[in-house]
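Chains as they are written, first to last, in the numbering used here: chain A, 509 to 911; chain B, 778 to 1007. To start, the structure under review is shown below, and the notes come after it.
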Amino acid sequence: MNIYDVVKLAWKQLTQRRLRTILTILAVAVGVMVIIALSSHARGIYVSFIANFERLGPTTIIVSSTGTRLLSDVDVYRVSELPGVSIVIPMRTLSGNVEGLNVRATVVGVRASELKELLGGDVNLLKGNPLTDTPIPIALIGYNIAHDQSSSSEVVDVGQTIAVRVGTRTYIFSVVGILNYYGSSFLLSSPDDSIYIPLDYFRRVSGVQGYSVVIVKASDVNVVSDVADNIRMLLGARARVTTVQSVVNTFTNILNQMNLLLVSIASTSFIAAGLGTFNIMMVSVLERVREIGLLKALGMSDTTVLLLYLIQGLLIGLIGGLSGFGLGIVLSQALTHIFSLTIGPRSPGPGPQANPFTSYTPVLDPQYTLIAVVLSLTTTAVASIYPSWRASKLSPVEALRYE
Amino acid sequence: MGDEFHVVLNDVWKVYRTGKVEWPALRGVNLVIKRNTFTAVVGPSGSGKTTLLNIIGGLDKPTRGSVVVDGIDITRLNGRKLAEYRNKYVGFVFQLYNLLSYLTVFENVELPLAIKGINFRERRELVLKALDVFGLRDLSSKRPLELSGGEQQRVAIARALVNMPNLILADEPTGNLDSKNAQVVVETFRKLVDEHGKTVVMVTHNVELTKYVDVVIKMKDGNVVEVINQ
C-alpha cells in the first residue's frame, strides 16, 4: 500500500471520531501555544533590552558616585587620561516633580556638546531647538514630560516655562526644545522622562560642583574590561563601575535561565498531551479490532497496520503543533494587550516603551518554536507506538471474531 | 493433481488452548476442493466450518498438517507472505459484511486494490467494473449504512472480487439476509463459478442453499464426515 493511501485512510479514521480527535489535537496545541507565547515574550524582552544597550553602545562604561561624595573635576580628568578612554561625559542628575503636571522627571545637567553621545549619537528633536551651553535656565525636555501619558496630547510647548520641585527647592526652566520619543533605558533614566539643562547652569544654581554620573566610552570594545578595572582602581569605593557588556551578559544569562525554566514548565503539558494521545490511540485500536481484522483479511501487512496508527499519532502531533504555533502567536499578542490593560497602557509614540511590561514587542523565538513543534510530533509519535504495535500484532481471525 | 485441485488439506489439526484446557476445532481434516467448483460446508455450530475456512484463507494457521492452495503450501508462509496471499489469492465474504462505515461504497471496494499498491487510475477502472457487475455504480458514493443488507453484501462481494482472486471464501454470507437477497447472493456465486471460472467455498447453515452448489462437505466435531458431489 503506498504511503499516500495509508495517510488518507489514517485521516479518514481520525475524522470519523471528530470531537475526540479535536480535543486531543487541542491538548497538544496548548503545550506548543504556551511555549511559543512565553518564549516570544522572553525573546521580545531580550531584543528590546539589547536594542537599548546598543543605543548606549558596547564600549560604554557608567561610573556612578556612591555615598554622598560626588565625583570631582579632578576625578573626571584622571579618568579621561586613562589608556583606552575615548570620551568622558560628566553629568549631574536629580529627581523631581514637574509642578502642575504631576510628572516625575530626572533633571540631567549635561554639556550640550556631550548630549549627542549620551542620547546614542543623535539628538532627535520633535520640535524647538537643541540645548546650548549658555548658563541660563533653559531646558530640553523629554517626550513624556511634554505629553499627557493617557491622551498623548501636548501639555507643554516650546517657549513655555516649567517648574521642577526637587526636595525643598523649585527650579524654573524655559523649554527650548522637545525630544522625540526614545523609549526606555535600563542603566540611565529614559530620555523621555528627562529634562536636560546646561551643566554649568545646574552647578551654579545647585551650588554643587561634583558629578553624580560619568559616562565613559572606551576606544575599542576589546579594552572595555581593562578600562573599567583601571577606573575601579583609580576611584576605589567612591564609585560603582558598570560596563554595558557585563550588564548585557548578566541579563542574557538570567533571561536564558528564566526562559529555560518557563519553557520546561510549559513542556510538562506535553506529558498530558502524550497521555491524551496514548488514550485516544488505545481506544481507537480497541474500537477498531474487527476493522483491523478485516484490513488484515484483505491483505494489509502488520507493518502497514503499524504505520496506519503511527501516522494517526503523527497527524495529531502535526496539526496540534501547527495550530499551537498559530495560537501561540495570538496568545503572545493577547498577553501584551492584557499587560497593557492591567499594568498600564503603552506609551504614545513609536519605539520601545517605558513601562517594563509593555516596553517590548513579542518576538518569535525560532529555537523554541522548533523545539515546541518537534516536541509535539515526538510526544504523539511516542504515545502512538504501543497502540500501533498492539494493532499490528492482532491476530486477524481473533480480531474478526471480536465483539 | 495440482491443477485439478484448487485446495488440498492434508491431516489438518487446529487445537485452541485456554489455559490448560485444549479444544480441537479440527481433527486431522483431509480434503480436496476442485478448481472451478461451488462448495458448501455445512454442519452444526462448533463443527469447525469457520475454522476450516479461516485456515484455507490464511487468516489462521493450523496446529498441524499442510494446506496447499494454488500449489502454495500456505502453512509455510511468514506473516508478510501470508498477507500477500490473502490479498492476491483469496476474496473473503463475511456474514456481517464488514464494510468500513466511514468509507464510501467506491472506497470500500477499492481497498484491496489500494492495499495491493495499484495506481489510482487502474484502481478506478477495476472498481467501476466490479460495481457494474453487481449493479452498484449508482451507489458508489453512498456510505454502507445508507444501503440495505442485500446491497451491503453485494458491495462486500464486489470487494472480494475486485482483485480478481480465483478463490472466494464466504462465511455465512446469507446469514443476515432475507431469502430473496440470500438467493441473489448464492446465484451470484454460481455465476462466478460458471462464467468466471472461480472456486467458491461457502460456509452455511441454510440447507436450502445447497441446491445451488456442486459439492457439499458435511462436518461434525472437527471432522469431514461426508462429501457429496451433486
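Where a beta carbon is used, it is the ideal one built from N, C-alpha and C, also for glycine.
Limits of the unbroken alpha helix (DSSP H) element including A:Asp583: First-last of the alpha helix (DSSP H) with A:Asp583: Asp581 to Ser588.
Does any C-beta atom of chain A lie closer than 9 Å to the C-beta of B:Gly999? By this cut-off, B:Gly999 is not an interface position.
Where A:Leu902 falls, given that 16 or more other Cβ within 10 Å makes a residue buried: Classification for A:Leu902: buried.
Closer than 7 Å by beta-carbon distance: list the chain A residues that pair up with B:Gly894, in chain order. Met509 and Asn510, listed in chain order.
Taking Cβ-Cβ distances shorter than 7 Å, what residues in chain A pair up with B:Asn831? Per Cβ cutoff of 7 Å: Val905.
For the stretch 795 to 807 of chain A, which residues have a CB atom closer than 9 Å to at least one CB atom of chain B, in sequence order? Sequence-ordered contacts of the stretch 795 to 807 of chain A with chain B read Arg798, Glu799, Gly801, Leu802, Leu803, Lys804, Ala805, Leu806 and Gly807 [C-beta pairs closer than 9 Å].
Give the secondary structure of A:Gly608 by DSSP, where H, G and I count as helix, E and B as strand, and everything else as coil. Reduced to three states, the DSSP call for A:Gly608 is coil.
Quick one: Cα of A:Pro864 to Cα of A:Thr758, how far? A caution first: A:Pro864 carries a pLDDT of 45, below 50, which makes its placement in the model unreliable, though a value can still be read off. When rounded, the distance between both Cα atoms is 18 Å.
Rounded C-alpha distance that separates A:Leu517 from A:Leu816: Spanning the alpha carbons of A:Leu517 and A:Leu816 requires a straight line of approximately 7 Å.
For A:Gly685 and A:Leu633, the rounded distance between their alpha carbons: Per the coordinates, the alpha-carbon of A:Leu633 lies some 7 Å from the alpha-carbon of A:Gly685.
Look at the Cβ atom of A:Ser792, then the Cβ atom of A:Val536, and state whether they are nearer than 9 Å. Result no, Cβ atoms of A:Ser792 and A:Val536 do not sit closer than 9 Å.
From A:Ala907 to B:Tyr874, what does the alpha carbon distance come to, in whole angstroms? Between A:Ala907 and B:Tyr874, the C-alpha separation is close to 15 Å.
9 Å is my cut-off, CB to CB: does B:Pro921 come that close to chain E? Among the protein chains in the structure shown, which are A and B, there is no chain E.
Contacts of B:Tyr879 in chain A (Cβ-Cβ under 9 Å): By Cβ distance, chain A contributes Lys520, Gln521, Thr523 and Gln524.
Once the 5 residues before and after A:Leu527 are set aside, which same chain residues still bring their CB inside 8 Å of it? Setting aside the 5 residues that flank it on each side, A:Leu527 has no residue in the same chain whose C-beta is closer than 8 Å to its C-beta.
When you compare the CB of A:Gly852 with every CB in chain B, is at least one pair closer than 9 Å? Since pLDDT at A:Gly852 reaches only 49, below the 50 mark, its modelled position is unreliable, and the value read off the structure follows with that caveat. For A:Gly852, the answer is no, since every Cβ of chain B falls outside 9 Å of its Cβ.
Locate the alpha helix (DSSP H) running through A:Ile788, then write down its first and last residues. Ser777 to Glu795 is the extent of the alpha helix (DSSP H) around A:Ile788.
DSSP state of A:Ser754 mapped onto helix, strand, coil: Three-state result, A:Ser754: helix.
State buried or exposed for B:Pro821, treating a residue as buried only when at least 16 other CB atoms are found within 10 Å of its CB. Burial call: exposed.
Listing by chain order, which chain A residues have their CB less than 8 Å from the CB of B:Ala860? Chain A residues near B:Ala860: Lys804, Gly807, Met808, Ser809 and Asp810.
Under a Cβ-count criterion, where at least 16 other Cβ atoms within 10 Å of its own Cβ denotes burial, should B:Ala1008 be classed as buried or exposed? There is simply no residue 1008 of chain B to check, as chain B begins at 778 and stops at 1007 in what is shown.
Taking just the CA atoms, how far does B:Leu888 sit from B:Lys919? Their Cα atoms are separated by approximately 15 Å.
Proximity of B:Ile945 and B:Val977 at Cβ, strictly below 9 Å: For B:Ile945 and B:Val977, yes; Cβs fall inside 9 Å.
Using the C-alpha atoms, what's the distance from B:Lys811 back to B:Asp788? Each residue's alpha carbon lies about 18 Å from the other.
Length of the line joining the Cα atoms of A:Ile569 and A:Arg600: A:Ile569 and A:Arg600: Cα-Cα distance of roughly 16 Å.
For the stretch 953 to 967 of chain B and the stretch 790 to 803 of chain B, state whether three or more C-beta atom pairs, one from each stretch, are separated by less than 8 Å. Because the criterion of three Cβ pairs below 8 Å is not met, the stretch 953 to 967 of chain B and the stretch 790 to 803 of chain B do not touch.
Whole-angstrom C-beta distance between A:Leu627 and A:Pro699, which should lie under 8 Å: That belief holds up - the Cβ atoms of A:Pro699 and A:Leu627 are roughly 6 Å apart, short of 8 Å.
State the DSSP-derived secondary structure class of A:Lys635, mapped to helix, strand or coil. DSSP places A:Lys635 in strand when its eight states are reduced to three.
Reduced DSSP secondary structure (H/G/I, E/B, other) of B:Val961: B:Val961 falls in the helix class under three-state DSSP.
Closest Cβ-Cβ distance between A:Pro864 and chain B: below 9 Å? Because A:Pro864 sits at a pLDDT of 45, beneath the cut-off of 50, its placement in the model cannot be relied upon, and the point is left open.
Inspect the CB distances between the stretch 672 to 690 of chain A and the stretch 735 to 755 of chain A and report whether three or more fall short of 8 Å. No contact exists between the stretch 672 to 690 of chain A and the stretch 735 to 755 of chain A.
Suppose the cutoff is 6 Å on Cβ atoms and the five residues either side in sequence are ignored; what does the same chain contact list for A:Lys804 look like? Counting only Cβ-Cβ distances below 6 Å, and skipping sequence neighbours, we find Pro904.
Taking a contact to mean a Cβ-Cβ separation below 9 Å, would you say B:Lys975 touches B:Asn1006 in this structure? Against a cut-off of 9 Å, the Cβ pair of B:Asn1006 and B:Lys975 comes out as no contact.
Would you please state the rounded distance, in angstroms, between the beta carbons of B:Gly842 and B:Trp790? I believe it to be under 8 Å. Contact between B:Gly842 and B:Trp790 holds, since their C-beta atoms are separated by about 6 Å, short of 8 Å.
Less than 7 Å between C-beta atoms, sequence neighbours within five positions excluded: which residues of the same chain meet that for B:Leu859? Only residues of its own chain outside the window of five on either side were considered, and among them Gly835 and Ile851 have a CB closer than 7 Å to the CB of B:Leu859, listed in chain order.
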